[in-house]
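The opening residue of the sequence shown carries number 9 in this note's numbering; numbering runs sequentially from there. Here a beta-carbon is modelled for each residue, glycine too, at the ideal position from N, C-alpha and C. Here the structure is a predicted model, which is why all the values come from computation and not from measurement.
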Amino acid sequence: MEKELNPWLAAEARFDQAARLLNLDDGMRKVLASPAREITVHIPVGLDDGRLEVFTGYRVQHSIARGPGKGGIRFAPDVTLDEVRALASWMTWKCAVVNIPFGGAKGGVICDPKLLSNSELERITRRYTAEIIEFIGPEKDVPAPDMNTNEQTMAWIMDTYSMHMRHTVTAIVTGKPLNLGGSRGRPEATGRGCLFVTLQALKLFGIRPEDTRVVIQGFGNVGGMAARLMARAGFKVISIIEWDGALYNKNGIDIEKLMVHRKETGSITDFSEAEPIDPHEAMFLECDVLVPAAKENVITSQNADKVRCKILCEGANGPTTAVADAILAEKRVFVMPDILANAGGVTVSYFEWVQDRQGFFWNEDLVNQRLEEIMINSFQDIVSYANKHKVDNRTAAYMVALDRVAFATKMRGIYA
Ligand SMILES: NC(=O)c1ccc[n+]([C@@H]2O[C@H](COP(=O)([O-])OP(=O)(O)OC[C@H]3O[C@@H](n4cnc5c(N)ncnc54)[C@H](O)[C@@H]3O)[C@@H](O)[C@H]2O)c1
Numbered sequence: 009m010e011k012e013l014n015p016w017l018a019a020e021a022r023f024d025q026a027a028r029l030l031n032l033d034d035g036m037r038k039v040l041a042s043p044a045r046e047i048t049v050h051i052p053v054g055l056d057d058g059r060l061e062v063f064t065g066y067r068v069q070h071s072i073a074r075g076p077g078k079g080g081i082r083f084a085p086d087v088t089l090d091e092v093r094a095l096a097s098w099m100t101w102k103c104a105v106v107n108i109p110f111g112g113a114k115g116g117v118i119c120d121p122k123l124l125s126n127s128e129l130e131r132i133t134r135r136y137t138a139e140i141i142e143f144i145g146p147e148k149d150v151p152a153p154d155m156n157t158n159e160q161t162m163a164w165i166m167d168t169y170s171m172h173m174r175h176t177v178t179a180i181v182t183g184k185p186l187n188l189g190g191s192r193g194r195p196e197a198t199g200r201g202c203l204f205v206t207l208q209a210l211k212l213f214g215i216r217p218e219d220t221r222v223v224i225q226g227f228g229n230v231g232g233m234a235a236r237l238m239a240r241a242g243f244k245v246i247s248i249i250e251w252d253g254a255l256y257n258k259n260g261i262d263i264e265k266l267m268v269h270r271k272e273t274g275s276i277t278d279f280s281e282a283e284p285i286d287p288h289e290a291m292f293l294e295c296d297v298l299v300p301a302a303k304e305n306v307i308t309s310q311n312a313d314k315v316r317c318k319i320l321c322e323g324a325n326g327p328t329t330a331v332a333d334a335i336l337a338e339k340r341v342f343v344m345p346d347i348l349a350n351a352g353g354v355t356v357s358y359f360e361w362v363q364d365r366q367g368f369f370w371n372e373d374l375v376n377q378r379l380e381e382i383m384i385n386s387f388q389d390i391v392s393y394a395n396k397h398k399v400d401n402r403t404a405a406y407m408v409a410l411d412r413v414a415f416a417t418k419m420r421g422i423y424a
């Protein structure tokens with residue numbers, strides 16, 4: 009089980025399968041399998057009580073073959089180099105699936121934000137940025153928020169980088185506040201991307217939005233936005249699952265009211281317009297669309313046979329283990345893999361970077377329209393590739409991505 013849940017081994021398993029099916033030669037396999045650069049920094053930070061502490065941080069740049077590295081920075085006590093490596097490689101494949109001109113990168117700092125004050129977090133962020141400053145930049149590697157980092161963290165990184173460069177460089181990070189070079193539509197982008205690909209999948213199944221029953225795990229940025237937009241599109245969101253409880257209403261939960269309830273009480277529980285349900289069981293309700301949008305490794309070899317959805321829309325990164333893939337395939341679940349389904353976020357991050365570099369900002373309709381075009385084209389690329397090559401959607405997504413990155417690497421040639 010430990011092996012099954014290791015994110016780097018999971019990433020490797022999918023990579024190996026796609027590389028084999030593509031007949032990638034050994035040399036190219038080695039190049040694409042290895043992260044190009046792994047940076048480890050030990051950052052001294054003065055704590056509020058006067059003590060000095062040292063935090064360990066990483067930045068892994070998996071590939072810059074198709075453009076600057078792109079990927080979030082997470083702050084969490086259990087960050088490991090293996091996890092950051094896996095996430096960096098996923099970013100390479102994700103950017104290639106949606107065909108945006110970025111490579112893949114990821115960063116993390118081992119720390120527990122719950123135990124740190126805002127000013128301690130600011131000092132960690134600034135010193136981490138300063139330690140990796142030669143390796144990041146709008147043309148080199150562009151960080152973004154991830155677990156426990158947010159637009160404030162991005163503003164600190166942007167400021168630290170700008171102080172070193174002696175001028176304001178907004179394009180150094182994405183996911184910034186709107187008034188500091190952020191993009192309209194970015195907070196909703198990942199959930200909106202999930203909606204766009206789900207609408208395409210429903211068409212293939214001939215299911216009308218009003219007949220679509222959805223179960224969503226996670227009511228945060230991705231899950232909350234997906235819930236809101238899917239409800240607005242007429243879907244029935246019959247269950248929402250959070251870490252402290254789950255809700256069920258067969259006629260569809262009123263998502264706007266639930267958002268107000270959560271804001272007021274801090275939890276989704278005790279919501280009067282839906283029944284409480286065991287969160288472990290809710291994942292396995294019969295439904296048309298299941299959206300795991302909380303965390304990795306929730307569908308494993310231990311429970312995949314209990315999944316009862318027609319369509320799996322992976323809002324989270326790595327919610328399904330490689331071993332569970334085969335079980336879902338046997339059950340004929342239509343899987344929209346994370347590197348496709350949640351790519352709306354990085355797509356609008358790309359728009360943010362473009363807008364920052366142009367110094368000209370788009371209205372929200374334009375952002376959403378361009379996002380829709382990219383998500384629909386990517387969905388069609390992957391599904392038609394899967395049909396043509398008789399593979400499942402995840403394998404198709406990896407094959408398309410590897411092929412695009414291998415092409416760029418080959419055309420550029422190996423320097424020196
Ligand atoms: N935010 C983005 O743009 C983006 C883009 C691509 C992928 N992702 C991925 O999507 C996932 C969610 O990210 P997010 O930005 O929405 O984070 P978030 O912190 O805003 O939301 C996560 C939600 O999941 C809930 N949760 C945590 N553990 C849970 C559990 N065991 N069961 C049910 N709910 C649980 C949390 O309480 C929280 O409400 C992560 O895997 C992230 O890497 C996010």
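Alpha helix (DSSP H) segment containing residue i, residue limits
{"i": "A437", "result": "What the structure shows of the chain is the stretch from 9 to 424, and residue 437 is not part of that stretch, so it cannot be assessed."}
{"i": "Q208", "result": "194-213"}
{"i": "G353", "result": "352-366"}
{"i": "H172", "result": "159-173"}
{"i": "I347", "result": "346-349"}
{"i": "L40", "result": "34-41"}
Continuous beta strand (DSSP E) stretch holding residue i: start and end
{"i": "A152", "result": "149-153"}
{"i": "D262", "result": "Note, D262: premise wrong, no beta strand (DSSP E); not H, not E."}
{"i": "V117", "result": "112-118"}
{"i": "E61", "result": "60-71"}
{"i": "E12", "result": "Counting along the chain, E12 falls outside any beta strand (DSSP E), though it belongs to the alpha helix (DSSP H) covering 10-13."}
{"i": "A254", "result": "253-256"}
{"i": "V222", "result": "221-225"}
{"i": "S247", "result": "244-250"}
{"i": "V53", "result": "45-54"}
{"i": "I276", "result": "No beta strand (DSSP E) holds I276; DSSP gives it neither H nor E."}
{"i": "P284", "result": "283-285"}
Residue i burial status per 10 Å Cβ neighbour count (16 or more: buried)
{"i": "H269", "result": "buried"}
{"i": "V62", "result": "exposed"}
{"i": "E147", "result": "exposed"}
{"i": "E250", "result": "buried"}
{"i": "Q366", "result": "exposed"}
{"i": "G274", "result": "exposed"}
{"i": "I422", "result": "exposed"}
{"i": "G5", "result": "Look at the range of the chain in this structure, 9 to 424, and you will see that residue 5 is not part of it."}
{"i": "P52", "result": "exposed"}
{"i": "R82", "result": "buried"}
{"i": "M419", "result": "exposed"}
Beta-carbon separation (whole angstroms), residue i vs residue j, contact threshold 8 Å
{"i": "M155", "j": "A241", "result": "With a Cβ gap of about 28 Å, M155 and A241 do not count as contacting."}
{"i": "R221", "j": "D296", "result": "5 Å"}
{"i": "G77", "j": "V150", "result": "7 Å"}
{"i": "A351", "j": "A324", "result": "At roughly 13 Å, the Cβ-Cβ gap does not stay under 8 Å, so A351 and A324 are not in contact."}
{"i": "I390", "j": "A405", "result": "5 Å"}
{"i": "S309", "j": "E20", "result": "With 8 Å as the limit, S309 and E20 do not qualify as a contact, their Cβ atoms being about 17 Å apart."}
{"i": "V117", "j": "V87", "result": "7 Å"}
{"i": "F110", "j": "G75", "result": "5 Å"}
{"i": "M99", "j": "K122", "result": "About 26 Å separates the two Cβ atoms, so there is no contact after all."}
{"i": "I47", "j": "I140", "result": "6 Å"}
* Asked: Where are the beta strand (DSSP E) runs, 3 residues long or more, that stay fully inside the segment 287-344, in chain order?
  -> The qualifying runs are 295-300, 317-321, 342-344.
* To do: Let me know the beta strand (DSSP E) ranges lying completely inside the segment 358-420, each 3 residues or longer, listed in chain order.
  => Runs of the beta strand (DSSP E) spanning 3 or more residues and lying entirely within the segment 358-420 do not occur at all.
* Along the chain, which unbroken stretches of the alpha helix (DSSP H) at least 4 residues long are found entirely within the segment 75-147? -> As far as the segment 75-147 is concerned, its whole alpha helix (DSSP H) runs of at least 4 residues are 89-105, 126-139.
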